[in-house]
Amino acid sequence: MQIFLTHKEEWNEAEKDIIDSRDKLEQFKLPGIDKLQASVAHEVRYQEALWSGNFEKAVEECHSVLSSLSGDDVKGYRAFWYYLAGSAAWIAAKRGIASMEGVARELFKRAASTTEGVSWLYQLSKLNLEENQENQADKLRLTSVIEGLESQLSLYGNFNDKKFEAEVKAILVNLQRVKDTNEDSKAFENGHERLGRLLGYQAGNSNGDADPDPWWIAYDDFCIVFEDHSTNNHGNSLGAGKVRQATSHPNWIKQNISSLRQDSEIIPVVVTPCKSITNGAKPHTQDLCYWNQQDFQTWAEKAITVVRELKRSFPGEANLEWRKRAMQAYQDNGLDPASLAKNLRDHKLANLPISG
0 MQIFLTHKEE WNEAEKDIID SRDKLEQFKL PGIDKLQASV AHEVRYQEAL
50 WSGNFEKAVE ECHSVLSSLS GDDVKGYRAF WYYLAGSAAW IAAKRGIASM
100 EGVARELFKR AASTTEGVSW LYQLSKLNLE ENQENQADKL RLTSVIEGLE
150 SQLSLYGNFN DKKFEAEVKA ILVNLQRVKD TNEDSKAFEN GHERLGRLLG
200 YQAGNSNGDA DPDPWWIAYD DFCIVFEDHS TNNHGNSLGA GKVRQATSHP
250 NWIKQNISSL RQDSEIIPVV VTPCKSITNG AKPHTQDLCY WNQQDFQTWA
300 EKAITVVREL KRSFPGEANL EWRKRAMQAY QDNGLDPASL AKNLRDHKLA
350 NLPISG
């Protein structure tokens, strides 16, 4: 630093090396640079309009900026300017210009749809038309899961698969431990919990008497809570004790998981190899869903394969293009909350035949 500040002969030698290195390099234009240059004047006018409190003018200048930002090479920047335009319109609405409220909602909606995978933009876009609320909820839940997946992949690192594959092996080994011992049951639950966390869900488990086995959470309003009945005895029928226990799990979740809203969607599921239920269990099945143990193990292997493929192209957190691919991969393979909810609700425990 002292050499740089004095800027004498020693600095001249260093500067010559820098210039020599520079001259050996070839300069390329950044993608979309012409579009960014075309928008600059309007970006400055937008700032001036904000400064003077002319929010309608600020929205107009945003539209002029956006007219220059077409194409995938500036998609993220385009979403950002839709957000800025929506914010200016929202402030205008709050200052008494009622017509700008609808403009703000439409701009926030465009910001959310332009870049898949930005959860806070989806939250803003929930100001939108009511008939889209269910779809918006699905997007928020999936986005939160993909953000969780990013955090998991970042923990394992991009340059070495050793830690990742060790975790995968531990999960799969535990999910195969299905003998009738307490130790094996706990191992199965451990693999089940870790699988949910690897997929990007907020996963947990409890060891209390009659407490749920693993639960998977997406966003702040969706939870799948499991009762794991892991056993090698496929011929037995599922009894009333396990069924009654599983029926109580949603209430336990509501009382003990503070991160979930009280109006959350909670899906109770029994994972078991049993293919029938006892007559005494039938009255307690209510809304319980059924996931055959072998089908769950197969699904887990498939899910890990999807995550492994996504890891190979993972460039680091908050990459919008990768998030979009990840979201599509989850939807295509039934790993997203909406697909899981539908598939589980299509398989009710009450539909199993009664035996014994």
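For the sequence shown, position 281 (counting from the first letter as 1) is numbered 280 according to numbering that gives the first Met the number 0, and the numbering increases by one without interruption. From the three backbone atoms N, C-alpha and C, an ideal C-beta is built for every residue, glycine too. Since the structure is predicted, the reported quantities are computational estimates derived from the model, not experimental observations.
So if DSSP puts residue i in a beta bridge, which residue, or which two residues, is it bridged to?
i: Glu264; result: Phe221
i: Tyr289; result: Val269
i: Glu226; result: Val269
i: Leu237; result: Ile276
i: Gln201; result: Ile216
Within its chain, find whatever has a CB closer than 6 Å to the CB of residue i; leave out the 5 residues flanking it on each side and keep chain order.
i: Val172; result: none
i: Leu148; result: Gly199
i: Ala349; result: Thr284
i: Ile252; result: Cys222, Val224, Ile265
i: Ala337; result: Asp137
i: Val73; result: Gly31, Lys34
Is the distance from the Cβ of residue i to the Cβ of residue j below 8 Å?
i: Ile276; j: Val224; result: no
i: Val64; j: Ser98; result: no
i: Ala13; j: Val58; result: no
i: Ser143; j: Ser118; result: yes
i: Ile303; j: Val167; result: yes
i: Asp227; j: Ser184; result: yes
i: Val305; j: Trp290; result: no
i: Gly95; j: Leu319; result: no
i: Met326; j: Leu141; result: yes
i: Leu139; j: Tyr218; result: yes
i: Ala186; j: Arg176; result: yes
Does residue i pass the burial test, meaning 16 or more other C-beta atoms within 10 Å, or should it be called exposed?
i: Asp345; result: exposed
i: Phe107; result: buried
i: Glu188; result: buried
i: Glu8; result: exposed
i: Phe27; result: exposed
i: Leu194; result: buried
i: Arg322; result: buried
i: Gln201; result: buried
i: Gln293; result: exposed
i: Gln254; result: exposed
i: Arg104; result: buried
Pick from the options: whose alpha carbon is nearest that of residue i?
i: Lys56; options: Ile90, Gln296, Ala328; result: Ile90
i: Gly52; options: Tyr81, Lys93, Ser229, Asp210; result: Lys93
i: Pro352; options: Arg21, Ala78, Lys7, Gly238; result: Gly238
i: Asn157; options: Pro336, Trp321, Asp335, Phe313; result: Phe313
i: Asp33; options: Glu300, Ser20, Ser67; result: Ser67
i: Ile145; options: Glu115, Asp160, Ile170, Asn159; result: Glu115
i: Lys230; options: Gly203, Gln296, Asp335; result: Checking the displayed sequence, the identity of residue 230 turns out to be Thr instead of Lys. Among Gly203, Gln296, Asp335, the Cα nearest to that of Thr230 is on Gln296.
i: Gly203; options: Leu197, Trp214, Asp210; result: Trp214
i: Arg307; options: Ala328, Asp262, Leu24; result: Ala328
i: Thr113; options: Phe54, Arg77, Ile2; result: Arg77
Apart from the five residues on each side of it in sequence, which residues of its chain come closer than 8 Å, Cβ to Cβ, to residue i?
i: Glu264; result: Asp220, Phe221, Cys222, Ala340
i: Asn11; result: none
i: Tyr82; result: Leu106, Phe107, Ala110, Leu120, Leu123
i: Tyr155; result: Lys162, Phe163, Glu166, Lys310
i: His62; result: Ala84
i: Lys368; result: Absent from the structure is residue 368, since the part of the chain shown begins at 0 and ends at 355.
i: Ile256; result: Gly203, Trp214, Ile216, Cys222
For residue i, is the beta carbon positioned less than 7 Å from some heavy atom of the ligand MG?
i: Leu343; result: In the structure on display, the ligand MG does not appear, and there are no ligands present to speak of.
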